[in-house]
Amino acid sequence: MMMSKSNEFMNRLKTEITSVVEGLHSPQINIHIFSGLSGGTGAGCFLDTCYMVRAVAEELGKPIKSYGYFFLPDVNLKNVPLELNAVHDYIPKNGYASLQELEYCMNISQNGGEFIQEYNGGKRIKWNRPPVDMCHLVSASDSRGNVIPNAYKYSMNVVAEYIMDFLTKAKDKDEFGLDQHFENFQAFTGAINGKKRMGANIAYCAIGASCATIPLKEINTYLASRLFEQFATIQGKTPTKSDVDALAFSTLATGDVKSLEEVYESLYAELRQDASSEYEDYREDFHYVRDAGNSEMVLHYTNQTSDKEGNIERNATGMEGYQNAGSLLGRIRKELEVVLKDIDRGPMFAYGMLQAGVEYNLSNFIDGLIVQNKSRLTKEASQDTNREEDYQNAKDAFEDIIDRKIKMPGATAKAFETYKFYLMTLEQHKLDLVAYKTMDRVLNELKKQVDQIAVSYYLKLSNVMTKLIETFNENKRALDSQDVVLQKEEFVMPMMTIKEIQPALEERIKKINIRSMMDAFMNLLVEHEEDWIGENDNRISRLVINFFVHQAFRDFATRTITEFLRDKYERQIAGEVTDEVLTNFIYEDWIKKLTARANPLFTLDSTIWQESQTTKMAFLSVPQISAPIQAAAAQIQAVEPIWKSKMSALTDRIFVMQSVCGFPLSAYREINQYEGKYFSSKNIYGRHYYEEKSKCVVKIDWRNLLPLRPQSVTNREEIYSEDLKMELSELDRLYSKACEIGVIDENSRICKSSESDCKTLADVLAEATPLLKEDYLSKNLSKLVEAIENIDHCMTKIQNYELSMSPTEYALPQDGLREREEDIKDIQKDYFYSFPIYQLVVKEILDSSADLLNDKQETLNQLEAKKAEIQGFIDQLSEFDYYCYALFTGVFKVQFPVISCSIEEFDFTFMMDHGLSEDIMLSTVTDEFGSIPFYQSFVTYQGLDKEIKQEIRRISDERRSKLGVPEAKVAVEELKSQLTNERLKNYVQMSLNTTKSKEIMDFLGKINRKFKEFCALYGL
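Mapping of the sequence shown onto my numbering: residues 36 to 1055, in sequence order.
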C-alpha cells in the first residue's frame, strides 16, 4: 500500500513539514518513525518510509534528525493468540528478515551496499546512509529478563511517554533536550565502538520508562459523572399540547393570541404587511378615458397589484429564511434554545415539541394552519368567474354608452365609476389569491423546515445528551467500583484512587448551581454546533472535556500535584503533612518504585554482549512546581548517581526514563530462536522486500544475507542448516584466499593488482611462448642443453614475479580493540562475513587474479613438461651414442636381415640374475621396422632393461678402450658394406611407407655421420 501511494505520502509529508516550519528561523526538525518488525505491523515498508522522509527533507532544504522506534517481533507475538500457530510461525521468520534488513541498512555507509530505489512519480532515492539517525529497539522483555505483562500496549506507552517527555518544555533544555540526548548517544556509542571485540554495528538504543500520575482524567470524569447525574433529570419529560401551543403562540404570532385562528391571522397580517387590499383611486374622469382610452387606468390598478405582490414575496422570503433569526424557524429555534438550557425541560423536551413521534407537536399545529389557509384559498378561488364577469359587464356597459354617444352625463359618470370599481375589485381578488398561495408555500416550507431541523439538529442534540448521560453514568459506576484505576495499563501508575479523594470531590459537587451549569453547558453545545452535529465521538469528547477542565471544575483541574498528594497523605495519617514528610512519602512510595520499574525493554544475550559493555542514560522528569518531588528525586540521585533530575513543565506526573545504548542487534535475546526458524527449512525463509525486484538497483538479493550473529561468536556445530554451513565454509575459503594473496591487507583494505603489474606478468609469461613452441627433436646435444638452461631461466623469472596489490575504494571498518592480533582478526572477519558487497568484490578480484595466476602456474607446468621433453631428447641422444658404440665395436652382431646382441662377454652372474641364456634379438624380418634393421634394432635397444643396457655399455666401452680389437675391425668392415649410400637410400625409400618416416630418415642420417666420425676417430 505504501509503495503504491509513495508519491501521495511524500507530497503530504512536504505539506506537513512546510506548514510546521512556516515563520520559524532555522528550526530543528525532529521526525519520529514507528514501525513493527514483523508481518502486518509496517515491516514491509519501514525502511522505504525512513528513506522517503530523508529525501523529502533534503528536497525542501530542511535539516532533520530522524528517530526510529522499531518494535521487535516478540512484541507483536504477545498480541497474537496462542492458537494461531501459523501466525506464531511466520512472525519470527518475517521478523528475522526485517532485522537482517535493518542491520544491513544501518551499516550501509560502510558495507558498500548503497543503491537507488525508484518510487511512483519517477522519484529516485539513494539508500546510502542509515535509515534513521538514532535507532531504538523495543522488546517485550526488560534488561533483567522479565517478560512484560500486556507487553504490546505497555511498550507502546513507554515509547509514547518517552517522546512526549522530550516534547515537553524543560527548565534546562540544554541538558535534557532531545538534541543533547542525541549527542550523548553518539558520544557513548562512539566510545563503546572503540572497545568492542567483534565486528558489528553497536549504534542501537533501548529505552525503559515508568510513570506515576495524578489521575486527573478520573477525577474530572467523576465530577462530570456526578454533574450528569443531576442533568439526567431532563430525561423522560414529554411536552403537552399546551406546551406546543405556547411555543407556537410565542413564535408564530405577535400579541396575546390564544388560538390557532388567531395565530393564522397574525401570520397572514405579517405576510400582507405593505400589501393591504386598499388601492389608490384613479383620479381622471370618464372624459379622459373616453378620449384617451382605458390603458392608463388599467395600468394604474395592475401596477399597484404588482407592487403589493412584490411586498408579499419579500415578506414571505423573510418568513421562510432558514438561517434568518427573524424568520419563523429562527423565532422557533430562539425559543427552543431557552427550552434546551432549562434544567426542567432540556434538549429531549425540545425535540419532543417537534418530533412526529409524540401525540401532538409543532408540526401538527402547522398542519392546522395549512388547513386554515387552504380553506380561505379555496373560498377566494371560487370567486374567479364572478370577479371576471362583473369586471367585463361593467367595462362593456361603459364602452356601450361611449360608443352610442348618449348624452347623459349622469349615466356616463355612473357607468365609469362602476367600471373602475370592478377593475379594482378584480385586482384585489388576484392579490388575495397570491397571498393565500404564498401563505401555503410559507407554511409548507415551515413544516418541512421544522421536520428537518427536528431530525438534523434536535434529535442529534438529544442523542448526544442521552449518550453523555449514559456514558457518565457508566463511568460513575466504574469509578465507584475502582474498575478504571485497577484496569489501567501497568505502565501508568495512579498516585491515588477516587476513593481516597472522594470526600473532597463530593464537597465540590455540593457547591454547584445545577441550573446555571446546565445553562452554561447547553450554551456551549449551541455555540459549538460544529463539534457535535457530525456525532463524532472524539470531537464531542474534546468539547466536553474542555468544558469541565476549563470551566465547570477549573479549580480542581488547576490544583498542583503537591496539593493532591498532601491531601491524600493528610487523610491517610489524619494529620498535617509538612514538606519534609511529604518528600519522604514520595520517595518511598513513588521514586523508589518508579526507578525500579524503568528497566530498558531489551534483554541482552550475555553470550554475545554483556550489560557492562553498554552505557546507560537515566533521568527523572519531575514537575518544576513541586519542591517535595524535587527533593525526593535528589534522594535517589544521592543513592544512585546515574539518576539525574529534569525540571518539567508537566504538572501532574513523575516520569522516569532509563535508556541503554551501545550494543549489537545480534545481542537481542530472541535472535537465536528466530534465526533457527528462519534458516530451518530450505527456501522457506521470511519474506525480504528486495528479492530481485526490477525497480530496485540493489546489488544483492537480500535473501542471501547471512545470520545476524557475528561469525566470531557463532558455534558452527549449532547451525542446523547444511546450506548455511556450506555458505560459511565457502566464505572461510574466500577469506583465507583473499588474505593469502593480499586482497585483504593488514589494514583491512580490499586490494587488487594494478593493470601495469598484470601486463608485466603477462609479458613475462609471453617470454615462454617461443620456448614452448620450439621443435627440439632434431637439435644436437649442445642445443638441447642450452634450451634446458633457457627454460630454467624463464621459470625462475616467472616464479620470482609476484603481483603487487594496491588498495581499492573498499575498506572494512577498523574499529574495536586493536591491541591483540586475534581481536583485530575477529573484527575483520566479522565485518567481511556480514558485508555481502565486499564478498562480491573480493570474489571478483580473486576470479580476475585467478585467471592470471592460473596462467602463471599453467605456463610453469608447460615449461616443466617441455624441459622434461628436452631432457628426454638428451637422454635419447646418449642412448643413440651407446647404441652406435655397441654396433660399431661388434657387441651387436649384424647378420642381415638379423641384428642381435651377443651375450658371450656378459658377466656370468649378471646373466644368471637376468635369466639370459642366448643372444638378444634386436631386429628380425618380422619386427615392425624389420626391413630397416638398424632403426628396428635401435628401437628394440631403447626398450631393453636399464641394467642390460648398462652391461652392453660396459662391454662396448672396454672394446673402445682397446683400439683395433678384432671384433671391432670385423664389425666396421661389415658395416661399411651395409651403410653404403645406395643401401641408405633404399632404407629411406622404405621408411616412406611407415608412420615414422621423418624419425627414420633423421636416424639414418645420424648413424651414417656417427659411423664416419667413429671410423675417422679410430682410423678404421
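From the three backbone atoms N, C-alpha and C, an ideal C-beta is built for every residue, glycine too.
Residue i, DSSP secondary structure in three states
i    : result
R159 : strand
N114 : coil
V55  : helix
E726 : With a pLDDT of only 41 at E726, under 50, the local geometry of the prediction cannot be trusted, and no value is derived from it.
A470 : helix
K681 : strand
Y239 : strand
T650 : strand
T50  : helix
G234 : coil
I823 : helix
P658 : strand
P451 : This sequence places Phe at residue 451; Pro is not what is there. F451: helix per DSSP, three-state reduction.
A29  : The structure shown does not extend to residue 29, since the chain is modelled only from 36 through 1055, so no value can be given for it.
Q522 : Note that Q522 scores 48 on pLDDT, short of 50, meaning its location in the model is unreliable and no value can be drawn from it.
V926 : coil
R589 : helix
S972 : helix
Y703 : strand
M388 : helix
I987 : helix
R688 : strand
Where residue i falls, given that 16 or more other Cβ within 10 Å makes a residue buried
i     : result
D861  : buried
S41   : buried
E1048 : exposed
I677  : exposed
F526  : buried
H335  : buried
F44   : buried
R577  : exposed
P842  : exposed
V490  : exposed
I608  : exposed
Y1059 : The chain is shown only over 36 to 1055; residue 1059 falls outside these bounds and no answer can be derived.
P250  : buried
H322  : exposed
L655  : buried
M169  : buried
E986  : buried
V1005 : exposed
H585  : exposed
Strand pairing of residue i, partner residues [DSSP]
i    : result
R784 : A846
E153 : R159
V182 : S176
G71  : F106
N65  : K100
Distance CB(residue i)-CB(residue j) smaller than 8 Å
i    : j    : result
L389 : V477 : no
V612 : E605 : yes
I64  : V88  : no
I643 : A684 : no
S935 : F943 : no
A351 : T473 : yes
Y873 : I754 : no
V695 : V778 : no
L397 : L496 : no
Contact test: residue i Cβ vs the ligand ZN heavy atom, cutoff 7 Å
i    : result
L282 : For the ligand ZN, the structure offers nothing, since it holds no ligand at all.
#### Entry: Stretch-stretch touch, CB-based, cutoff 8 Å, three pairs: the region 684 to 694 with the region 186 to 202
Yes, since at least three Cβ pairs between the region 684 to 694 and the region 186 to 202 fall closer than 8 Å, the two stretches touch.
### Query
Quick check: the region 310 to 318 against the region 450 to 463, are there 3 or more CB pairs under 8 Å?
The region 310 to 318, when compared against the region 450 to 463, does touch it at the 8 Å Cβ threshold.
### Task
Say whether the region 868 to 877 touches the region 750 to 770, bearing in mind that this needs 3 or more beta-carbon pairs closer than 8 Å, one atom from each stretch.
Verdict: yes, contact present.
### Task
Taking 8 Å as the threshold, find out whether the region 78 to 86 comes into contact with the region 159 to 179 through three or more Cβ pairs.
As far as the Cβ criterion goes, the region 78 to 86 touches the region 159 to 179, which means the pair count is three or higher.
### At least three beta-carbon pairs within less than 8 Å, the region 823 to 831 to the region 96 to 108
Counting Cβ pairs under 8 Å, fewer than three are found: no touch.
### Query
Looking at C-beta atoms only, is the number of pairs between the region 843 to 862 and the region 234 to 252 that lie closer than 8 Å three or more?
Counting Cβ pairs under 8 Å, three or more are found: they touch.
### Message
Taking 8 Å as the cut-off, does the region 258 to 278 touch the region 429 to 440 (at least 3 CB pairs, one atom from each stretch)?
### Response
The region 429 to 440, when compared against the region 258 to 278, does not touch it at the 8 Å Cβ threshold.
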